[in-house]
Amino acid sequence: MKKNSNFYQQVLFPAFLILFAFAGCQHTDDNPPLSCPNMKMIVNMQNSSSLLQLRSNVIFRQHTDSGGFKYMSTEAVSDSLKIIFNLRDGMFEDPKMVDDSLHLKTYTFVKGVQNNGLVVVALKNNGGYDYLETDSSSITLTRMNLKRQTVSGEFYFKAQNGEVTGNGTFENACYTPLN
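Numbering (mature numbering (1 follows the signal peptide of the UniProt record, and there is no 0)), first residue to last: -23 to -1, 1 to 156.
The structure is reproduced here in structure tokens:
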């Protein structure tokens, strides 16, 4: 029973917290994009491509008794959609919890099975966004520059029981560390 409690505290609760925090923001995108001049983010979905503007990208930590996990939460928008990343990396030992580094690898999400690389897509409507249910997704980190606080990589998603698929890339996306 203790094992299930730790699983909920360390994995499910932070993932749901992040997802619901973003999903609760059903407003228009009046917020200015982050100032990230060298950033380029593109999504290819249903035979069209969109350039995205970065709204937020944070790296934060969840400490445990023996180290902890690092999370990256990203939001980017175009005139017709929103993309949200929720990435979980770890377990890290205490000394590695102080820096922003994440492993350069592929993080995956499979509904009901694995939740380390969730990509959520929301389509813009008249009053906000319609969030699609993600079936599976992946986020691959290919480069991190800790000095400039940027991250690059690619992503993939399948949503709405396979009816909507897409992929994309992000280059030099600025992030803000939360300690």
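All residues carry an ideal CB built from backbone N, CA and C; glycine is no exception.
Item	Value
Distance CB(residue 52)-CB(residue 65) smaller than 9 Å	no
Three-state class that DSSP yields for residue 82 in the structure shown	coil
Cβ shell of residue 80 (< 6 Å), same chain only, five flanking positions each side left out	66
Entirely enclosed beta strand (DSSP E) segments - the region 84 to 133, minimum 3 residues	94 to 102, 105 to 108, 111 to 122
Stretch pair the region 43 to 50 + the region 18 to 26: three plus CB contacts closer than 8 Å	no
Inter-residue Cα distance where the pair is residue 16 and residue 152	11 Å
Where residue 22 falls, given that 16 or more other Cβ within 10 Å makes a residue buried	buried
Bridge partners - residue 65, DSSP secondary structure assignment	48
From 141, 129, 135, residue whose alpha carbon lies closest to that of residue 149	129
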